[in-house]
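In full-length UniProt numbering, the protein residues as written are 1 to 469. Structure first, then comments.
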Amino acid sequence: MLPTIENAGQFLAAASCVASWTIKRFQRRVNLFRDGVCYNKRQFAAESAAQKQDILTDLCQRRHFISGDGLTYTSLMQGSHTLGPLGVEMRRSLVSQWWNSVILSREDVLPIDTLHLLPREANLSKSLVMALNLEHIKGHILNQNVNHEQLISSLQGPAGNCGFLRQELLYGALMEYAPCLELWNKKLPFGLAEIGKCFHSVPAEENVGKNPSRTGERMVASLVWFSSPKTSGQWLDFWHRQRLQWWQKFAQTPSDFSSSELQDEEGRRNTLIQYRFPWGTETIEILCNIGDSVLTQMHSGSSTKLQARDGRKSVIPHLMWVSGNLDRGLLAFLFDALQQRESPPIRGKGLRREVLKLHPTLAPVKVAVDMGTGPAVDLRLVCQGLSAELREHGMFIWPGYMEGTHSPMEQLFTRYDEMGVLFTVLVSENTLENGLLQLRNRDTSLRETVHVSKVTDLVVQHITAAKKL
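This is the structure in structure tokens:
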């Protein structure tokens, strides 16, 4: 069994129950005009793991990061939900950061794009299926009660006679190895990277251990690294450090991202990168040292074309495989970003509101542009011009000025903080007179007066500085 600390979440929840503070939760719903914005008011108290999960799930549904009813940690982990507009944009940012880190910033990694369907004529022996399915390493899918026919059927799924829906991206990289080796002049080391949808079997609760009845999907980022056999262990250590640092780079609490090692049935070392969710630790990325057996089995009878140059020697390379679940990573960063801040007291009671303090490069909405009182037509023209200028820098801008009603400032800021918006721009009648507007920072809640011509530069500088940290 995979060593986890899932019981830690239960332990912390139990400890919270006996804490000196009594947890009191207010669930009064406040109608914020036509926007329908609502938030839960809670007394100052330590939040248990279950409460934090409920808070974030409710927030993500209201702010359209995640779509679907009846969301639980099981459905989130199984990929049985869809992303809303903000979730889609956040995942696009996460994909872009992975692509920049693994491919664009290196000179020895090539991008590939392979088919979702594995051909039916593929030689899917049970050992190869196990190699192509990362879940067997974690011990969650394959077991002694599943025979070879059921295993193949689970891969085939809804694709029917057309082929097998891919569960991982390794198969495509193995098929692309030989032509890419020629392109790379047969020199080691080098890597093949790909991001794409993968599919997996989701057994019904009453049908566990039998044929799967549903199919889940997830966005996977994969790197297959080919190196000489004598340096494969060193490269595993190198990529372990690189990947863990990458995940921690975007986190508010880097220590919640950790790694652990385990060995497969053949004694080879594998590394799990994990995140500590409220309910326990979950794996978001795995690094496997899988040797050369999968490559030689895939291209049986043609070992000559597999050989690459390691100095003056010709060798069949060993494979190191990195496979990350970006959908699960997105959830990890959402939980990591959730914070609570003091709100103005209501009837003398101290309350808190939620803020998604997402890393500037991952925040789906960089700037929300809104307008105050004044000539509506003229203010809207200023907002449109500023929004267009910001979009030219590749930012997703929220056009608050297009809404037909004006919300009180605190309600507006509460809404944008829950959306994780980095900056809020308030264009007013003063802007028409002297070009000055209000710029609010999500992380500090401070507002400063800046000239409209300086807004784009300030936002770009802020995001650029965050990338370099």
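The beta carbon of each residue, even a glycine, is placed where N, CA and C say it ideally should be. The structure presented is a predicted model; accordingly, all values stated were derived computationally and were not measured.
query: Exposure of L469, with buried meaning 16 or more beta-carbon neighbours within 10 Å; result: exposed
query: Beta carbon of L356 nearer than 8 Å to that of E418; result: yes
query: Sequence-distant residues of its chain with Cβ nearer than 7 Å to G374 (five each side left out); result: S428, E429 and L432
query: Bridge partners - E266, DSSP secondary structure assignment; result: In DSSP, E266 forms no bridge with anything.
query: Beta bridge counterpart(s) of L439 as assigned by DSSP; result: V425 and E448
query: At least 3 beta-carbon pairs within less than 8 Å: the stretch 409–423 vs the stretch 384–391; result: no
query: Alpha-carbon spacing of E266 relative to W398, whole angstroms; result: 52 Å
query: Cβ pair F423, N441 closer than 8 Å; result: yes
query: Distance between beta carbons of I112 and E194, contact taken as under 8 Å; result: 5 Å
query: Reduced DSSP secondary structure (H/G/I, E/B, other) of S125; result: Model confidence at S125 stands at a pLDDT of 48, short of 50, so the residue's coordinates are unreliable; what they give is reported in the following sentence. Residue state, collapsed to three classes: coil.
query: Same chain, Cβ closer than 6 Å to G291, neighbours up to 5 away in sequence not counted; result: H318
query: Straight-line gap, P278 to W247 (C-alpha atoms, nearest Å); result: 18 Å
query: Nearest-angstrom Cα separation, counted from F226 out to W177; result: Per the sequence shown, residue 177 should be read as Tyr rather than Trp. Going from the Cα of Y177 to the Cα of F226 covers about 9 Å.
query: Element boundaries [alpha helix (DSSP H), containing A388]; result: A376 to R391
query: C-beta atoms of Q340 and V202 nearer than 8 Å; result: no
query: Residue of L426, D327, L306 and H393 minimising C-alpha distance to S293; result: L306
query: First and last residue of the uninterrupted alpha helix (DSSP H) at S293; result: S293 to M298
query: V460 versus K454: straight-line alpha-carbon distance, rounded; result: 10 Å
query: Run of the alpha helix (DSSP H) containing M409, from where it starts to where it stops; result: M409 to E418
query: At least three beta-carbon pairs within less than 8 Å, the stretch 226–239 to the stretch 270–289; result: yes
query: Segment limits, beta strand (DSSP E) that includes Y193; result: Going by the sequence as given, residue 193 is Ala instead of Tyr. Residues F190 to V202.
query: Assigned exposure category for T464 - 16 Cβ within 10 Å defines buried; result: exposed
query: Cβ shell of E282 (< 7 Å), same chain only, five flanking positions each side left out; result: M77, Q274, Y275 and R328
query: Within 8 Å, strictly: CB atoms of V95 and V102; result: no
query: For R274, the residue or residues it bridges with in DSSP; result: First, the amino acid is wrong: residue 274 is Gln here, not Arg. DSSP, once it has assigned bridges, lists S258 and T283 as partnering Q274.
query: Residue from L59, S258 and T72 whose Cα sits closest to the Cα of G87; result: L59
query: Coil, strand or helix - E403 by DSSP; result: coil
query: Closer than 7 Å: E285 CB and nearest the ligand SAM heavy atom; result: Ligands displayed in this structure: none; no statement on the ligand SAM is therefore possible.
query: Counted within 10 angstroms of its Cβ, other Cβ atoms place R241 as buried (16 or more) or exposed; result: exposed
query: Simplified DSSP state of E342, which is helix, strand or coil; result: strand
query: Cα-Cα separation, I55 to T271; result: 32 Å
query: DSSP-derived helix/strand/coil call for V460; result: helix
query: Residues sharing a beta bridge with S227, DSSP; result: H318
query: Nearest to S75 (by Cα), restricted to the options E410, E403, L115 and E217; result: E217
query: Member of D457, T456 and Q438 whose CA lies at the smallest distance from the CA of T449; result: Q438
query: Chain-order list of residues whose beta-carbon lies under 7 Å from that of G68 (same chain, five-residue window excluded); result: H81 and T82
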